[in-house]
Amino acid sequence: LGLSATACSRGAHQAAPPPHLPAATVPPTLSVLGTNVVLKPNTSKKTARAFRSVGAASLVREQGVWELRKADRLVGTLQLVTLDSKRSDTRNDRDRTSIRAQILSGDAAQLDLDGLPVWSAKDGDRVLYVWYGRQVLAVLQVKSDDLDADETVTQLVTTITDSAAWPRMPLDVFEEKI
């Protein structure tokens, strides 16, 4: 996930400093319609290099990647990143929209999971989902041929955002301004 600062606005006020990466919010396993899915941290050097490849323009401060595995088969990935508060502010709709546009291709659908907006887009055989916390971005990719994507995102978003370690934002931040 290489996010660039070039498309993000710099608001009149700076966002609160980002929290530490909320890795404790990620469950070790999920049961998706009776299928056991293991969430395994990916700490490979190749993954770390991919995050660093954007260089100084990156919005990312800390990152974590988890592989979603059904037995030995990779069926998805979860990425959590904290965002540089000097370059983006997740309370700002323009910043969220700009970040989302770098991740989701085409028209994104917006889901509502207990009041929290989650954006999704289908890309070939996978479905991508994006949601936000305070200075935190979450991106889930699910191979829809291998796992029920809607059930996976519902369970994962609920589990992660219900955790006391998830840096919440007031839901009114997501309301459209008229």
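According to the numbering used here, the residues represented by the sequence shown are -18 to 159, in order.
C-beta: ideal position from N, C-alpha, C; glycine also.
Query raised in the report: What residue from G96, Y110, G15 has the CA that sits closest to A89's CA?
Result: Along the sequence shown, one-based indexing puts residue 89 at 108. Considering only alpha carbons, the answer is Y110.
Query raised in the report: My guess is that G114 and M150 are in contact by the Cβ rule of under 8 Å, so how many angstroms apart are they, rounded?
Result: Indexing the sequence shown from 1 puts residue 114 at position 133. Indexing the sequence shown from 1 puts residue 150 at position 169. Their Cβ separation, rounded to whole angstroms, is 6 Å, which keeps G114 and M150 in contact under 8 Å.
Query raised in the report: Where DSSP assigns a beta bridge to G45, which residues make up the other side?
Result: Counting from one through the sequence shown, the residue named residue 45 turns up at place 64. Assignment of beta-bridge partners to G45 by DSSP yields L61.
Query raised in the report: Is T6 buried or exposed, if buried means 16 or more other CB atoms sit within 10 Å of its CB?
Result: Counting from one through the sequence shown, the residue named residue 6 turns up at place 25. Buried, since its Cβ has 16 or more Cβ neighbours within 10 Å.
Query raised in the report: CA-CA distance, T(-13) and L118?
Result: Looking up residue -13 in the sequence shown gives position 6. Looking up residue 118 in the sequence shown gives position 137. For T(-13), the predicted structure reports a pLDDT of 45, less than 50, and the residue's modelled location is therefore unreliable. A value from the coordinates is still provided. C-alpha separation (whole angstroms): 17 Å.
Query raised in the report: Quick check: the region 48 to 55 against the region 125 to 136, are there 3 or more CB pairs under 8 Å?
Result: A contact between stretches requires three or more CB pairs, one per stretch, nearer than 8 Å, and the region 48 to 55 meets this requirement with the region 125 to 136.
Query raised in the report: If A146 and P3 are in contact, beta carbons under 8 Å, what's the gap, nearest whole angstrom?
Result: Locating residue 146 in the sequence shown gives position 165, counting from the first residue. Locating residue 3 in the sequence shown gives position 22, counting from the first residue. Rounded, the Cβ-Cβ distance is 5 Å, consistent with contact.
Query raised in the report: Is the distance from the Cβ of L40 to the Cβ of S69 below 7 Å?
Result: Indexing the sequence shown from 1 puts residue 40 at position 59. Indexing the sequence shown from 1 puts residue 69 at position 88. In contact: L40 and S69 (Cβ atoms closer than 7 Å).
**Report entry** Span of the beta strand (DSSP E), counted from its first residue to its last, around L97
**Finding:** To locate residue 97, count along the sequence shown from 1; it is residue 116. Secondary structure note for L97: its beta strand (DSSP E) is the uninterrupted segment 97 to 104.
**Report entry** Nearest-angstrom beta carbon gap, V18 and R50 [assumed within contact, 8 Å]
**Finding:** Residue mapping note: residue 50 aligns to position 69 of the sequence shown, counting from 1. Residue mapping note: residue 18 aligns to position 37 of the sequence shown, counting from 1. Confirmed, Cβ separation roughly 7 Å.
Requested in this report: Could you please give the first and the last residue of the uninterrupted alpha helix (DSSP H) stretch that includes S79?
Outcome: The residue you call residue 79 lines up with position 98 of the sequence shown. The continuous alpha helix (DSSP H) containing S79 extends over residues 74 to 84.
Requested in this report: May I ask which residues mark the beginning and end of the beta strand (DSSP E) holding T10?
Outcome: Residue mapping note: residue 10 aligns to position 29 of the sequence shown, counting from 1. DSSP places T10 in the uninterrupted beta strand (DSSP E) bounded by 10 to 13.
Report task. Indicate the three-state DSSP secondary structure (helix, strand or coil) for T71 in the structure shown. Result -> As a working mapping, residue 71 is identified with position 90 in the sequence shown. In this structure, T71 counts as coil in the three-state DSSP scheme.
Query raised in the report: DSSP state of D153, grouped into three classes?
Result: Here residue 153 refers to the residue found at position 172 when the sequence shown is read from its first residue. Three-state DSSP puts D153 in a helix.
**Report entry** V7 - containing beta strand (DSSP E), residue span
**Finding:** Stepping through the sequence shown from its first residue, residue 7 is reached at position 26. For V7, there is no enclosing beta strand (DSSP E), since its DSSP letter is neither H nor E.
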